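These notes are about the structure you will find just below.
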Amino acid sequence: MWSKARRLQTFLQRLEAAPPASSADEALDLLAKTLNAVEDEFSGVACRPENWRTDGRMYPPQEDARVKRADRPSLRKYRNKGHYDFVGLNGSIRIESLDAETLLDKAGLDGRKAHELDV
Amino acid sequence: METTIDTLQRLLTEKLPRSRIKVDEPDHVGGSYWVDVSMGKRRHTLEYRPGKGFGLFHEDAGPGEGPAEIYRTPERAARRVAQLMAVSHGKAMHLGLKDIRELYGQSQLTLAKKAGVKQPAISRFEKRGEVKLSTLAATIKALGGKLEVRAHFSDADIPISLSTSKR
Numbered sequence: 003m004w005s006k007a008r009r010l011q012t013f014l015q016r017l018e019a020a021p022p023a024s025s026a027d028e029a030l031d032l033l034a035k036t037l038n039a040v041e042d043e044f045s046g047v048a049c050r051p052e053n054w055r056t057d058g059r060m061y062p063p064q065e066d067a068r069v070k071r072a073d074r075p076s077l078r079k080y081r082n083k084g085h086y087d088f089v090g091l092n093g094s095i096r097i098e099s100l101d102a103e104t105l106l107d108k109a110g111l112d113g114r115k116a117h118e119l120d121v
Numbered sequence: 168m169e170t171t172i173d174t175l176q177r178l179l180t181e182k183l184p185r186s187r188i189k190v191d192e193p194d195h196v197g198g199s200y201w202v203d204v205s206m207g208k209r210r211h212t213l214e215y216r217p218g219k220g221f222g223l224f225h226e227d228a229g230p231g232e233g234p235a236e237i238y239r240t241p242e243r244a245a246r247r248v249a250q251l252m253a254v255s256h257g258k259a260m261h262l263g264l265k266d267i268r269e270l271y272g273q274s275q276l277t278l279a280k281k282a283g284v285k286q287p288a289i290s291r292f293e294k295r296g297e298v299k300l301s302t303l304a305a306t307i308k309a310l311g312g313k314l315e316v317r318a319h320f321s322d323a324d325i326p327i328s329l330s331t332s333k334r
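Top to bottom, those sequences are chains A and B.
Everything in the first sequence is counted per my numbering, starting at 3 for the first residue and increasing by one.
Everything in the second sequence is counted per my numbering, starting at 168 for the first residue and increasing by one.
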């Protein structure tokens, strides 16, 4: 089985390489399918998102983890322990650490990135 | 009326007056609140799920991974964060019996009396980490909890009975 760091890197590489999404729902679906595929292959932990407590597996953002983002209506913002996942209505995806370090910045199908929306 | 998340913030401010507390509020009713408590370079994160409690994440939690510890009340969650800030130097640590005993405000002597063991047994356990399962079960019961032992496999998650099986 692979370390979490290696799985995360693989997830980011696959997500970056995937065709762009055209809507927020499509982007979330792409994010979920990509992460679940990596975790199915390399984590050795069965997918049980209903278990809140950690089981060593990484899970894609759920609606419960969506947090307020009043100043940017074209972005959905999802929180996890150490990161924010921004999902644009145009299908863009941006993953940032809490310290604002960008891990991934993927444009939507229209070519615009998350930070270019609502400006 | 004070909400649960307000209570947590108040308790954290009382216990950790020099800390910085940041709250990410949910986008919709019933969603999770995220509370980051920072003191210098040390930071601990809690996820409050209404109806479920406060999840505390360990340092090595990956994106979307669940919390390692869950507390049902803001009092216990705030106490645990204060405990971590005091001793762990920013690394969320795995709880030993000493940490759990202190979290529940018990001395070794009081706990030993409640658990029906001698105080040196508690002391030895806290220092060495070696203990009979029956003693550990009695100690956790004396703190008001219940010990569970589970075996995790890639295709199963099985509780192990602590009582002797007789056929």
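Built from N, CA and C at the ideal position, the CB exists for glycine as well.
All values reported here derive from a predicted model rather than from experimental measurement.
Own chain, CB closer than 6 Å to residue i, minus 5 neighbours either side, in chain order
i      : result
B:T174 : P241
A:A67  : Y80, R81
B:G222 : E214, P234, I237
A:L111 : P22, S24, G93
A:D107 : R96, K115
CA-to-CA distance, residue j to residue i, given in whole angstroms
i      : j      : result
B:P193 : B:Q176 : 16 Å
A:S5   : A:P62  : 17 Å
A:R78  : A:G93  : 10 Å
B:E169 : B:L178 : 12 Å
A:K83  : B:E293 : 30 Å
B:P234 : B:E214 : 8 Å
B:G257 : B:V284 : Note on B:G257: pLDDT 46, under 50, position unreliable in the model; the coordinate value appears next. Each residue's alpha carbon lies about 34 Å from the other.
A:A48  : B:D322 : 7 Å
B:V316 : A:G46  : 21 Å
B:H297 : A:Q64  : Per the sequence presented here, residue 297 of chain B reads as Glu, with His not at that position. Each residue's Cα considered, the two are about 40 Å apart.
A:P9   : B:K182 : Strictly speaking, residue 9 of chain A in this sequence is Arg, with Pro absent from that position. Straight-line Cα distance between these residues: approximately 38 Å.
B:R185 : B:L264 : 28 Å
A:T56  : B:K299 : 26 Å
B:E226 : B:L251 : 11 Å
A:H117 : A:V69  : 17 Å
A:V121 : A:A19  : 26 Å
B:V196 : B:K208 : 32 Å
B:R268 : A:G113 : 56 Å
B:E231 : A:D87  : The identity of residue 231 of chain B in the sequence shown is Gly, whereas the question assumes Glu. Distance between the alpha carbons of B:G231 and A:D87 is about 10 Å.
A:P51  : B:K189 : 26 Å
A:R59  : B:K280 : 40 Å
For residue i, three-class secondary structure by DSSP
i      : result
A:H117 : helix
A:L77  : strand
A:L106 : strand
A:V40  : helix
B:P326 : strand
B:M206 : strand
A:V69  : strand
B:K294 : helix
B:F224 : coil
B:R262 : Per the sequence shown, the amino acid found at residue 262 of chain B is Leu instead of Arg. Correct three-state label for B:L262: coil.
A:R8   : helix
B:L314 : coil
B:V284 : coil
B:R216 : strand
B:D191 : strand
B:E181 : helix
B:G257 : In this predicted model, B:G257 has a pLDDT of only 46, less than 50, meaning its place in the structure is not dependable; the value taken from the coordinates is given anyway. B:G257: coil per DSSP, three-state reduction.
A:E18  : helix
B:E236 : strand
A:P57  : For the record, residue 57 of chain A in the displayed sequence is Asp; it is not Pro. Note: A:D57 maps to coil in three-state DSSP.
A:E52  : coil
A:D87  : strand
Same chain, Cβ closer than 7 Å to residue i, neighbours up to 5 away in sequence not counted
i      : result
B:K318 : Here residue 318 of chain B turns out to be Ala, not Lys, going by the sequence shown. Same-chain partners within the cutoff: I325, I327.
A:A102 : none
B:L276 : Q286
A:F13  : T36, L37, V40
B:S151 : Lying outside 168 to 334, the shown extent of chain B, residue 151 of chain B is not represented and no answer is given.
B:G229 : none
A:A109 : P22, S94, K115
Nonlocal neighbours in the same chain, by C-beta distance under 8 Å from residue i, ignoring five residues either side
i      : result
A:R16  : T36, A39, V40
B:A282 : I289, T302, A305, T306, K308, A309
A:L119 : R74, S76, L77, G90, L91, N92, S94
Option nearest residue i by Cα separation, candidates the options
i      : options                        : result
A:H85  : A:L105, A:D27, A:R59           : A:L105
B:G198 : B:R291, B:E181, B:R185, B:I172 : B:I172
A:A72  : B:E297, B:R243, B:D191, B:G296 : B:D191
B:D266 : B:L276, B:A279, B:R246, B:K280 : B:R246
B:K219 : B:R239, B:L183, B:Q275         : B:R239
A:M144 : A:D42, A:D27, A:A20            : Nothing in the structure corresponds to residue 144 of chain A, since chain A is present only between 3 and 121.
B:R243 : B:K280, B:I188, B:G272         : B:G272
B:T212 : A:K115, A:K108, A:L100, A:R114 : A:L100
B:R210 : B:V248, B:Y200, B:R216         : B:V248
Just by C-beta distance, which residues in the stretch 217-234 of chain B are closer than 8 Å to chain A?
K219, G222, F224, H225, D227, A228, G229, P230, G231, E232, G233, P234
Which residues, in order along the stretch 81-93 of chain A, keep a beta-carbon less than 9 Å from a beta-carbon of chain B?
R81, N82, K83, G84, H85, Y86, D87
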